[in-house]
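Numbering-wise, the sequence shown is residues 0 to 386 according to numbering that gives the first Met the number 0.
Worksheet: the structure to be examined is printed underneath.
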Amino acid sequence: MLDWLRQLQQLRRDTEPCVLVTVSGCRGSTPRETGAKMIVTRDTVIGSIGGGKLEYSCVRSACEWLQNGNVTGRSKTRRLVLGANCGQCCGGVVEILFEEITPAQQWWIDELTALQTAGIPAAMVTLCTPRARARKWVVTARNCRTQDRHAGDVDRPELTDSEVDWTKGLPQHVLDAARCCLEPGAGARQFSAACDAGEKLTVLIEPVRRCDFEIAVFGAGHVGSACVTIFTQLEATVHWIDNRPDLMNGLKRDDLHTVEIDPPTSYVNQLAAGVYYLVMTHDHALDLELCAAILQRSDSSYCGLIGSGAKRRRFLKRLTAAGLLPEQLARLTCPIGIDLIGGKKPMEIAVAVAAELLNLRETSARRDHLTPVGALAAQATAHTKSL
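Listed below in structure tokens is the structure:
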């Protein structure tokens, strides 16, 4: 996945000018969602906003800024009808935000990086105006920060809904919408607002937090390695655990945590709630111990065991004898992976398992959208659309 904050920090260290390109809004059928990003330098494109002529056109626009060598922190937005402007059959409409990244912008990059490292959920609010640079705020559960001022907590909003002087701070309804984006599973959103002069303003709110899709793979064999190769291409945080030395040296990524620990069962309770666990070690006795430890946690999202139906039956019998309850045993998935892919090669198994986990995650996200938090987010969005 594109860790865009880390990439921007690295480009700063390399003194490499760049343009951050963001899908700031979309309607209808579009290749990427609101909040998708890519970074364009003079000779590199990092990430993707959907490919095709849409991306090609946006890369050219960004390069035109970079070629003159005068990066001043400009920003602009483009509205593209995919059918008419790009010849793409999906036919939706996208709005693209272009931002030159200069040292003046580094305050919000540093702020978001620090919050992400500390595990504090945040939302980045971007105000896009036709005739001025994009303006940024960083919002947490208690604070709202902009470049030149730091404002109070949720009990003391910066402005009321009737005050729309955006040079002073965020109106309450925008602050509410930003804080809805702090909840797990919330995505980026765009809406329109107005200022006293009657000018239409575009507001983009993006959650910035540690990834809430967390996968733990126990086992560094061929299938475990194939799974990790795929999982690290997803928007996920991956833990790869084994008790054998020097098996996990091939993959080194910021979003991959390789853990050599003996016994591996001791790592199960070190992980947060909501983790998707996969058990595929070289030792069936160790597999059994891991399944017992995972199933005794009531807060896991998934416990998958590689193997056949016969292996499942044997494990259930032994886990029952070990004292696990029927409701705990019911959470064991074995065999793993979607049924449509029946291959037994490591990468075929990995593709099937990745598809299963993505489907489970999407189902969970839809369910969460119907909770009171999801309803609150919908109300905040409806309020902003009415402006």
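Glycine included, every Cβ here is placed at the ideal spot set by N, Cα and C.
How close, in whole Å, do the beta carbons of residue i and residue j come, if the pair is a contact with beta carbons under 8 Å?
{"i": "Ile48", "j": "Val20", "result": "6 Å"}
{"i": "Ile38", "j": "Leu7", "result": "7 Å"}
{"i": "Pro16", "j": "Val70", "result": "4 Å"}
{"i": "Cys85", "j": "Gly51", "result": "7 Å"}
Locate the alpha helix (DSSP H) running through residue i, then write down its first and last residues.
{"i": "Leu318", "result": "308 to 320"}
{"i": "Gly51", "result": "51 to 66"}
{"i": "Val222", "result": "221 to 230"}
{"i": "Ile108", "result": "105 to 117"}
{"i": "Leu328", "result": "325 to 328"}
For residue i, collect the residues of the same chain with a Cβ closer than 6 Å to its Cβ; drop the 5 residues on either side in sequence, then sort them by chain order.
{"i": "Ala219", "result": "Asp241, Leu246, Met247"}
{"i": "Trp239", "result": "Val216, Val227, Met247, Thr257"}
{"i": "Ala379", "result": "The pLDDT assigned to Ala379 is 49, lower than 50, so where the model puts this residue is not dependable; a value taken from the coordinates is nonetheless given after this. Answer for Ala379: Asp175, Ala176, Cys179, listed in chain order."}
{"i": "Glu213", "result": "Thr236, Val274"}
{"i": "Leu10", "result": "Cys17"}
Go to residue i, then tell me how far its beta strand (DSSP E) extends in each direction, as first and last residue.
{"i": "Gly24", "result": "17 to 26"}
{"i": "Ile38", "result": "36 to 39"}
{"i": "Leu7", "result": "Premise fails: Leu7 lies in the alpha helix (DSSP H), 3 to 12, not in any beta strand (DSSP E)."}
{"i": "Leu79", "result": "74 to 80"}
{"i": "Phe217", "result": "213 to 217"}
{"i": "Arg178", "result": "First-last for Arg178: 171 to 179, but that is the alpha helix (DSSP H), not the beta strand (DSSP E)."}
{"i": "Ala99", "result": "Looking at the sequence shown, residue 99 is not Ala but Glu. First-last of the beta strand (DSSP E) with Glu99: 92 to 100."}
{"i": "Gly402", "result": "Outside the displayed span of the chain (0 to 386) sits residue 402, for which this structure offers no information."}
{"i": "Val70", "result": "Val70 -> no beta strand (DSSP E), and no H or E assigned at all."}
{"i": "Ile48", "result": "Segment: none, Ile48 is in no beta strand (DSSP E) and carries neither H nor E."}
{"i": "Cys143", "result": "143 to 145"}
Leaving out five residues on either side along the sequence, give the residues of the same chain with a beta carbon under 8 Å from the beta carbon of residue i.
{"i": "Thr159", "result": "Confidence in Thr159 is poor, its pLDDT being 37 and thus under 50, which makes the residue's placement unreliable; the coordinate value appears in the next sentence. Excluding sequence neighbours, Thr159 sits near Pro170, Gln171."}
{"i": "Cys290", "result": "Val278, Cys302, Leu304, Phe314, Leu318, Leu331"}
Using the C-alpha atoms, what's the distance from residue j back to residue i?
{"i": "Leu270", "j": "Cys143", "result": "30 Å"}
{"i": "Arg365", "j": "Ser300", "result": "15 Å"}
{"i": "Leu356", "j": "Lys343", "result": "18 Å"}
{"i": "Leu111", "j": "Gln327", "result": "39 Å"}
{"i": "Cys88", "j": "Gly27", "result": "12 Å"}
{"i": "Tyr266", "j": "Val207", "result": "27 Å"}
{"i": "Asp298", "j": "Gly273", "result": "6 Å"}
{"i": "Val173", "j": "Leu65", "result": "33 Å"}
{"i": "Leu126", "j": "Ser363", "result": "31 Å"}
{"i": "Arg132", "j": "Cys57", "result": "18 Å"}
Entirely enclosed alpha helix (DSSP H) segments - the region 284 to 310, minimum 4 residues: none
4 or more residues per run - each alpha helix (DSSP H) lying fully within the region 239 to 275: none
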